Amino acid sequence: MTATPSREWPLWEVFVRARRGLSHGHVGSLHAPDAAMALRNARDLYTRRQEGVSIWVVPADAISATSPDEKDAFFDPAADKTYRHPTFYSVPEGVEHL
Amino acid sequence: MNDNDLGDPDFLALIDADGRVEPRDAMPDAYRASLVRQIAQHAHSEIIGMQPEGNWIGRAPSLRRKQVLMAKVQDEAGHGLYLYAAAETLGVDRSELLDKLHTGRHKYSSIFNYPTLTWADMGAIGWLVDGAAIVNQVPITRCSYGPYARAMVRICKEESFHQRQGFEILHTLSRGTPAQHAMAQDAVDRWWWPSLMMFGPPDVASPNSARSMRWGIKRFSNDELRQRFVDMTVPQSQALGLTLPDPELAYNADSGHWRTGPMDFTELYEVVQGNGPCNAARMAHRVGAHQRGAWVREAAAAYADKHRAGDREAA
């Protein structure tokens, strides 16, 4: 028996817009030989119950990602800037609409 | 069991805080291997699980039942694919997992090695087998490994229709002619004990359970989940007007649980070892389907290559 095909179909990441007004969200991944088949497979796999009105597929190897090892250092710059949040500021009692 | 064998303090602290492990995080090799084994086995079970029911699509008693059964079998293919994708986030290839299934190095749930002899088996599988699967799977929606947990959320949402359609089939048969009632009872008689075996060996004989619990992969023991299923199912059997084939089954008022008679696990071990009624047939069918589909996979890849080449020339 031929255990593996000569070449495996590439992996695609699938993003679905659940309804108009929402952004696309990641739902999972699948294998397909090209983008057109990836979209069709994504429809059959991830929207069998009307879970979406629009699908994006992206070759998994086209995604650049931050490394989990450096996540503390990478996101550090935001950690000490609480003044970016409105709750950082004190407002005198009785002042409204601020 | 020593915590040192289970992972470094940072990893175990994440688990203790009920945090989630994501694909590219550092994780103990044994945690990764254990998840690959469990998720792949789960994926294989979904794919092999299409066979016993696929057997009845062409013989469903009405167009409505046929549509429903096709949708259910299609869902099982989908569940297999969600799970293979989750396993692949751990760094294994799809083809490697299929190869291990096809060569018997990976297992699938033994429940699918029983034959589906009558239409009522479609009811018993939906009600009992999918019912047991749901009880097993709901806690996995909180599994420590993020992609497995997320796949399981989708699966559990879809499984509830599977169980209800099975219950409906049995309910209809049970209220039908005496022959239909007898057919429903016969299916329940054959599927009840194998469904209880789906929860695995008793806790005292379950070698990997403690480690899986420590890692947040497993949340409840085999026996706890089995008891939960029994307690849910007995009242449903009464609503169906069917009996469960266990003369010792009785309600224990002190514990508030239904207690079954002793379970004969030697049968489970026999089926796991490959000696069930349909092990060889299931595997032959799966390998045959994979081989017969090879030309489709190759043609699709050739078509994609040709169009990629065309795109380059156009550019």
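Line order of the protein sequences matches chains A and B. Each residue of the first sequence is one higher than the one before, counting from 223 in this note's numbering. Each residue of the second sequence is one higher than the one before, counting from 58 in this note's numbering. Glycine residues also receive a C-beta, built at the ideal position from the N, C-alpha and C atoms. As the structure is a computational prediction, the values presented were derived from the model and not from experiment.
Residue i versus residue j: straight-line alpha-carbon distance, rounded
i, j, result
"B/W153", "B/Q330", "Correcting the residue type first, residue 153 of chain B is Glu in the shown sequence and not Trp. Taking the straight line from one Cα to the other gives about 22 Å."
"B/E225", "B/G183", "9 Å"
"A/A282", "A/S289", "15 Å"
"B/A177", "B/P251", "16 Å"
"B/L306", "B/T300", "10 Å"
"B/Q284", "B/A244", "21 Å"
"B/L217", "A/P308", "One detail in the question is off: residue 217 of chain B reads as Ser in this sequence, not Leu. Their Cα atoms are separated by approximately 44 Å."
"A/V236", "A/A264", "7 Å"
"A/A301", "A/E292", "14 Å"
"B/A70", "B/R268", "15 Å"
"B/F103", "A/F310", "Checking the sequence, you will find Glu at residue 103 of chain B rather than Phe. Looking at the two C-alpha atoms, the distance is approximately 52 Å."
"B/D187", "A/W278", "32 Å"
"B/H136", "A/P314", "56 Å"
"B/V149", "A/L252", "14 Å"
"B/Y141", "B/R122", "29 Å"
Proximity test, Cβ basis, 8 Å: residue i and chain B
i, result
"A/W231", "yes"
"A/H253", "yes"
"A/L244", "no"
"A/P281", "no"
"A/D256", "yes"
"A/L267", "yes"
"A/R306", "no"
"A/S289", "yes"
"A/G250", "yes"
"A/R270", "yes"
"A/A295", "no"
"A/V313", "no"
C-beta neighbour in chain A for residue i, strict 8 Å
i, result
"B/R339", "no"
"B/E79", "yes"
"B/G180", "no"
"B/S152", "yes"
"B/G64", "no"
"B/H364", "yes"
"B/L138", "yes"
"B/G135", "yes"
"B/Y360", "yes"
"B/D82", "yes"
"B/A90", "no"
"B/A74", "no"
"B/A142", "yes"
"B/S346", "The question names Ser, but residue 346 of chain B in the sequence shown is Ala. Not closer than 8 Å to any Cβ of chain A, the Cβ of B/A346 fails to qualify, so no."
Residue burial classification, residue i (beta-carbon count within 10 angstroms, cutoff 16)
i, result
"B/I72", "buried"
"B/W249", "buried"
"B/I212", "buried"
"B/V130", "buried"
"B/P319", "exposed"
"B/F286", "buried"
"B/W113", "buried"
"B/M209", "buried"
"B/V261", "exposed"
"A/K303", "exposed"
"A/R306", "exposed"
"B/W352", "exposed"
"A/A260", "buried"
"A/V275", "exposed"
"A/I285", "exposed"
"B/A79", "The displayed chain sequence assigns Glu, not Ala, to residue 79 of chain B. Exposed, because fewer than 16 other Cβ atoms sit within 10 Å of the Cβ of B/E79."
"B/T160", "exposed"
"B/Y139", "buried"
"B/M255", "buried"
"A/E318", "exposed"
"A/F208", "Beyond the ends of chain A as shown, which are 223 and 320, falls residue 208 of chain A; an answer cannot be given."
Residue interval of the alpha helix (DSSP H) (run including residue i)
i, result
"B/I105", "D86 to I105"
"B/R343", "N336 to R349"
"B/P204", "G203 to S231"
"B/W315", "Element bounds for B/W315: not the alpha helix (DSSP H) but the beta strand (DSSP E), H314 to R316."
"B/N193", "D187 to Q194"
"B/A70", "P66 to D73"
"B/A117", "Careful: B/A117 lies outside any alpha helix (DSSP H) and carries neither H nor E."
"B/Q330", "Taken as a continuous stretch (DSSP letters only), B/Q330 belongs to no alpha helix (DSSP H), as it is neither H nor E."
"B/A177", "A177 to A181"
"B/D156", "R151 to H159"
Endpoints, the beta strand (DSSP E) within which residue i is located
i, result
"B/F277", "Looking at the DSSP string, B/F277 is not in any beta strand (DSSP E), and its letter there is neither H nor E."
"A/Y311", "It is not in any beta strand (DSSP E) - A/Y311 carries neither H nor E in the DSSP assignment."
"A/V280", "S276 to P281"
"B/A307", "A307 to N309"
In DSSP terms, what residue i is bridged to
i, result
"A/L233", "A/H253"
"B/A143", "DSSP output for B/A143 lists no bridge partner at all."
"B/S269", "Its beta-bridge partners do not exist; DSSP assigns none."
"B/G257", "Per DSSP, none; premise fails for B/G257."
"A/R239", "A/S276"
"B/V78", "B/Y202"
Residue i CB to nearest heavy atom of the ligand GTP below 7 Å
i, result
"B/L253", "Looking at this structure, you won't find the ligand GTP or any other ligand, since it has none at all."
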